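*Asks:* This is the structure I have questions about; it appears just below.
Chains as they are written, first to last, in the working numbering: chain A, 17 to 435; chain B, 17 to 435.
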């Protein structure tokens, strides 16, 4: 079964509101094996909505429309739907009673706009909205289904979860897809493609592999379409194992996992604590780490010696070392690591110093040059990176490289106790 | 002039990736007075892309296509475009040289996938991509323009800013709307609406005021539609001044300015330096500050005593104070401020300690309770916040409040020298 998602709203076309509803619906429908083939956004305009509904049903058996409902826009959307079905609007006494009950309870006064909301296309079946005043509407025209939902995300989601998804699950031809997403760091999209070339050629037709790259990371999504649920599940797990074998430590997690959470699991598993010393990343690594709930179990803290003299006063980097090699150098980043381990009393650490840009580059130390150090007192490891010219991206890429290199270090230097 | 935005990518339809590109393009085109009339998303499929291009040009003179470029998907998109124009792909030696140069600089190996990227539709004019390997493509078929851009947001934006937007601005029928955006902090949307009520009533019809709220901030956008450019410019500037007068210190900047940059301008103007001590925000304030280019002129660094004992060892907060009042308290946050000023030698500072959540709340210290301190040794100021239950949002709101309170403190405590 195919679905067509229709989003209505000038504010979306203007870019003032981000359309998160379509993404949420895409994920939910995909889990049901309903394939979203197109997403269309149009403005709050009768003819545009009408034309979009016709277009939607030319290509799909299910059209889900979000937005265009609520006190201010209601009539445009509903009149367009009524016109599409060649019916008219009728007053829903039931909805009117509900809205009045809600407002009495909230001690607010009902407006004319709310009374307008109670006019519905005659062929609409109303879906309860426990989060707001505008109910969802379900239309079934000889098996071609239209769902009209309010644009407010939590209202839309509530109506889907309470009423629409359970009904959609029962429709003929709806068979949930199996998939698994592997998260990788340290390899580029094309490097991975090369390593997986033979694997992809051997992949059966009903299992697909998708690359979802983002800066420093590539997500690999395996999806199985046909066949029995349990068999496909086993197949996908098996293919995922094959990918893990081919990519090794580049795979750090699954699904919604993060690199910092993966590092955290390793640290707690090994009973180790970590501290950070950040110059060019200016706290971004600490920010990502402390975004992991429960990080206080294994993260001690950070020293950010943004100014060079703090590298000496706060981390004990000898002024001579700074003078001789410059702040962005292997000796300095190794001294920073040593200093933060000693002063904060952590088992392992991350230190970073680089030229984030846009300014500050020189002939020998160009913008994008970054030195990272990871490890413990006895086995520190320094890594040199040459990144690009964009400050924000350099900061993000440095954090990702640092977390990935610490992860690799932890995998290679397990404490005796944890074998 | 009308525009049709076409997003290509299975990952968008599946909801695995949020389409932020269309929103960004919607805003930028709106600034040029180009109206986005439709947004369509289709999968990585030859026929779908081909059909969408035809559909796009039926309704608009400008089609901007994002996604579907990059080592793994390249050929589908480009073959579809070539088919649309009835031309074939030619090899771009120039692009091939560029990719090889980039990779040599990065010390990485070029793959077959990258060589594939160099095949372009014969009628494409290439737009430089300073952020990645895939160039943008500009097609002009008797005034009907197609732009094909990579889906990675920062690459797409770089190509638009460097090459595409300046050219679009020159097109016949493109008359940029005059706008000015004022950025405010510390006032809620309804508070602002109240203060501006009379102002808005008096606003001439051809000038509109839009409220664009985001967590902790409200952007106020003035737009002038008709009349001569220079006259409208003068009118908008005048109205902006009127708003500044009505909102006072709540207005911290214009356009793409940030609160941290505004704080930075004040500090450099006053010849002062700042340091931060962050517990609950775990480096996020430092991250925002160091996101400002040239921050090293006025930002010294930070100590992040995530673990309580570091509040004592690194910031000199007496253990008794921590014991008596708890880490999230006025005395502790004032001691943290004092400690960071003393140890890092900054003129002014920010200290923050709170219960970010989701766990860690108690009867007396619920999730969302945050104490902030700003100022110098002589005039420290402590502020208590009661935020919500969401960890990430609490961290962001704490940073915004801290920066805004430091800004107000700096405005009220100008050093004698700067009058």
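Ideal Cβ placement from N, Cα and C applies to all residues, glycine included. Being a predicted model, the structure only gives us computed values, none of them experimental.
Starting from the Cα of residue 136/A, find the closest Cα among 155/A, 345/A, 244/A and give me that residue.
*Replies:* Residue mapping note: residue 136/A aligns to position 120 of the first chain, counting from 1. Answer by Cα proximity: 155/A.
*Asks:* Do you know how far the Cα of residue 422/A is from the Cα of residue 208/A?
*Replies:* For this step, residue 208/A is matched to residue 192 along the first chain. For this step, residue 422/A is matched to residue 406 along the first chain. Rounded to the nearest angstrom, the two C-alpha atoms are 21 Å apart.
*Asks:* What are the start and end residues of the alpha helix (DSSP H) that includes residue 437/A?
*Replies:* Missing from the structure shown is residue 437/A; chain A here goes from 17 to 435 and no further.
*Asks:* Within a Cβ cutoff of 8 Å, which residues of the same chain sit near residue 398/B, ignoring the five residues on either side of it in sequence?
*Replies:* Counting from 1 along the second chain, the entry for residue 398/B is found at position 382. The residues are 346, 349, 350, 387, 388, 389.
*Asks:* According to the Cβ coordinates, are residue 419/B and residue 252/B closer than 7 Å?
*Replies:* Within the second chain, numbered from 1, the residue matching residue 419/B stands at position 403. Within the second chain, numbered from 1, the residue matching residue 252/B stands at position 236. No; because the gap between Cβ atoms is not below 7 Å, this pair is not in contact.
*Asks:* On a CA-only basis, which of 361/B, 407/B, 354/B, 395/B is nearest residue 370/B? Give me that one, please.
*Replies:* Within the second chain, numbered from 1, the residue matching residue 370/B stands at position 354. Nearest C-alpha to residue 370/B: 407/B.
*Asks:* Under DSSP, the alpha helix (DSSP H) around residue 383/B begins and ends at which residues?
*Replies:* As a working note, residue 383/B is residue 367 in the second chain. Where residue 383/B is concerned, there is no enclosing alpha helix (DSSP H), given that its DSSP letter is neither H nor E.
*Asks:* Which residue spans inside the stretch 139 to 226 of chain B form an unbroken alpha helix (DSSP H) run of at least 4?
*Replies:* 169 to 175, 181 to 186, 205 to 211, 213 to 217
*Asks:* Please go through the stretch 114 to 140 of chain B and give each complete beta strand (DSSP E) segment of 3 or more residues, from N-terminal end onward.
*Replies:* Correct list: 135 to 137.
*Asks:* Within the continuous beta strand (DSSP E) that includes residue 315/A, where are the two ends?
*Replies:* As a first step, residue 315/A is located in the first chain; it is residue number 299 there, counting from the start. Here the beta strand (DSSP E) through residue 315/A covers 315 to 320.
*Asks:* Could you give the distance in angstroms between the alpha-carbon of residue 434/A and the alpha-carbon of residue 286/A?
*Replies:* As a working mapping, residue 434/A is identified with position 418 in the first chain. As a working mapping, residue 286/A is identified with position 270 in the first chain. In this predicted model, residue 434/A has a pLDDT of only 48, less than 50, meaning its place in the structure is not dependable enough to derive any value.
*Asks:* Would you verify that the beta carbon of residue 286/A is, or is not, closer than 7 Å to some beta carbon of chain B?
*Replies:* Here residue 286/A is taken as the residue at index 270 of the first chain, counted from 1. At a cut-off of 7 Å between C-beta atoms, residue 286/A does not count as an interface residue with respect to chain B.
*Asks:* So within the stretch 60 to 91 of chain A, which uninterrupted beta strand (DSSP E) runs reach at least 3 residues, ignoring any that extend past its ends?
*Replies:* Qualifying beta strand (DSSP E) stretches, in chain order: 78 to 82.
*Asks:* Is it right to say residue 303/A is buried, meaning 16 or more other beta carbons lie within 10 angstroms of its own, or is it exposed?
*Replies:* As a working mapping, residue 303/A is identified with position 287 in the first chain. When all chains shown are included, residue 303/A counts as buried.
*Asks:* List, in order along the chain, the chain B residues whose C-beta lies closer than 9 Å to that of residue 300/A?
*Replies:* Here residue 300/A corresponds to residue number 284 of the first chain, with the count starting at 1. Simply 299, 300, 302, 303, 306, 307.
*Asks:* Going straight from the alpha carbon of residue 201/B to that of residue 317/A, what length do you get?
*Replies:* Translated into positions along the second chain, residue 201/B becomes position 185. Translated into positions along the first chain, residue 317/A becomes position 301. Cα to Cα, residue 201/B sits roughly 29 Å from residue 317/A.
*Asks:* Would residue 434/A pass as an interface residue toward chain B - the criterion being a Cβ-Cβ separation below 7 Å?
*Replies:* On the first chain, position 418 is the one that residue 434/A refers to. Only weak support exists for where residue 434/A lies, its pLDDT of 48 falling under 50; the value from the coordinates is given anyway. False, the Cβ-Cβ gap to chain B never drops below 7 Å.
*Asks:* Contact criterion: CB-CB distance below 7 Å. Does residue 208/A meet it with respect to chain B?
*Replies:* As a first step, residue 208/A must be located in the first chain, where it is residue number 192. No, because no Cβ of chain B sits closer than 7 Å to the Cβ of residue 208/A.
*Asks:* Taking Cβ positions, are residue 41/B and residue 39/A nearer each other than 7 Å?
*Replies:* Position 25 of the second chain, counting from 1, holds the residue named residue 41/B. Position 23 of the first chain, counting from 1, holds the residue named residue 39/A. No, these two residues do not count as a Cβ contact at 7 Å.
*Asks:* Are there 16 or more other CB atoms within 10 angstroms of the CB of residue 63/A, so buried, or fewer, so exposed?
*Replies:* Taking the first residue of the first chain as position 1, residue 63/A is located at position 47. By the 10 Å Cβ count, residue 63/A comes out exposed.
*Asks:* Using a Cβ-Cβ cutoff of 7 Å, what residues of the stretch 316 to 333 of chain B are near chain A? List them in chain order.
*Replies:* For the stretch 316 to 333 of chain B, residues whose beta-carbon sits nearer than 7 Å to a beta-carbon of chain A comprise 316, 317, 318, 319, 320, 321, 322, 323, 326.
*Asks:* Assess contact between the stretch 93 to 104 of chain B and the stretch 64 to 77 of chain B, defined as three or more Cβ pairs (one per stretch) separated by less than 8 Å. Is contact present?
*Replies:* Touching, yes, given that three or more Cβ pairs across the two stretches are closer than 8 Å.
*Asks:* Output the distance between the C-alpha atoms of residue 169/A and residue 36/A, rounded to the nearest integer angstrom.
*Replies:* Here the question's residue 169/A lines up with position 153 in the first chain. Here the question's residue 36/A lines up with position 20 in the first chain. Taking the straight line from one Cα to the other gives about 7 Å.
*Asks:* Enumerate in chain order the residues of its own chain whose CB-to-CB distance from residue 231/B is below 8 Å, with the five nearest sequence positions on each side excluded.
*Replies:* Here residue 231/B refers to the residue found at position 215 of the second chain. If we look at residue 231/B and ignore the five residues flanking it on each side, its Cβ neighbours are 409, 412, 413, 416.
*Asks:* Under 8 Å between beta-carbons, which chain B residues line up against residue 312/A? List them in chain order, please.
*Replies:* In the first chain, the residue the question calls residue 312/A occupies position 296. Neighbours of residue 312/A in chain B, taken as residues whose beta carbon is under 8 Å from its own, are 322, 323 in chain order.
*Asks:* So, using beta-carbon positions, are residue 83/A and residue 31/A closer together than 7 Å?
*Replies:* The residue you call residue 83/A lines up with position 67 of the first chain. The residue you call residue 31/A lines up with position 15 of the first chain. Not in contact: residue 83/A and residue 31/A (Cβ atoms no closer than 7 Å).
*Asks:* Going by C-alpha distance, which of 313/B, 300/B, 311/B is nearest residue 307/A?
*Replies:* Stepping through the first chain from its first residue, residue 307/A is reached at position 291. The candidate whose alpha carbon is nearest that of residue 307/A is 300/B.
*Asks:* So with CB distances below 8 Å, who are the chain B contacts of residue 34/A?
*Replies:* Here residue 34/A is taken as the residue at index 18 of the first chain, counted from 1. Going along chain B in sequence order, the residues near residue 34/A (Cβ under 8 Å) are 34, 36, 39.
*Asks:* Using a Cβ-Cβ cut-off of less than 8 Å, give me the residues of the stretch 345 to 357 of chain B that come near chain A, in sequence order.
*Replies:* Within the stretch 345 to 357 of chain B, no residue has a Cβ that lies closer than 8 Å to any Cβ of chain A.
*Asks:* Could you tell me if the beta carbon of residue 336/B falls within a distance shorter than 6 Å of some heavy atom in the ligand PLP?
*Replies:* Among the components modelled here there is no ligand, and therefore nothing to report on the ligand PLP.
*Asks:* Examine the Cβ distances between the stretch 72 to 83 of chain A and the stretch 205 to 225 of chain A and report whether three or more of them are shorter than 8 Å.
*Replies:* Too few Cβ pairs lie closer than 8 Å, so no.
*Asks:* From this set, 56/B, 426/B, 227/B, which residue's C-alpha is nearest residue 22/B's C-alpha?
*Replies:* For the purposes of this step, residue 22/B is taken as residue 6 along the second chain, with counting starting at 1. Selected option, being the one with the closest Cα: 56/B.
*Asks:* Tell me, to the nearest whole angstrom, how far the beta carbon of residue 190/B is from that of residue 48/B; I am working on the premise that it is less than 8 Å.
*Replies:* Position 174 of the second chain, counted from the start, is the residue given in the question as residue 190/B. Position 32 of the second chain, counted from the start, is the residue given in the question as residue 48/B. Rounded, the Cβ-Cβ distance is 6 Å, consistent with contact.
*Asks:* Anything in chain A within Cβ reach of residue 360/B, meaning under 7 Å, just list it in chain order.
*Replies:* For this step, residue 360/B is matched to residue 344 along the second chain. By Cβ distance, chain A contributes 326.
*Asks:* Compare the Cα-Cα distances from residue 147/A to each of 164/A, 171/A, 127/A, 310/A and report the closest residue.
*Replies:* Along the first chain, read from residue 1 onward, the residue named residue 147/A stands at position 131. Among 164/A, 171/A, 127/A, 310/A, the Cα nearest to that of residue 147/A is on 171/A.
*Asks:* Mapping the DSSP letters down to three states, classify residue 240/A as helix, strand or coil.
*Replies:* Position 224 of the first chain, counted from the start, is the residue given in the question as residue 240/A. DSSP places residue 240/A in strand when its eight states are reduced to three.
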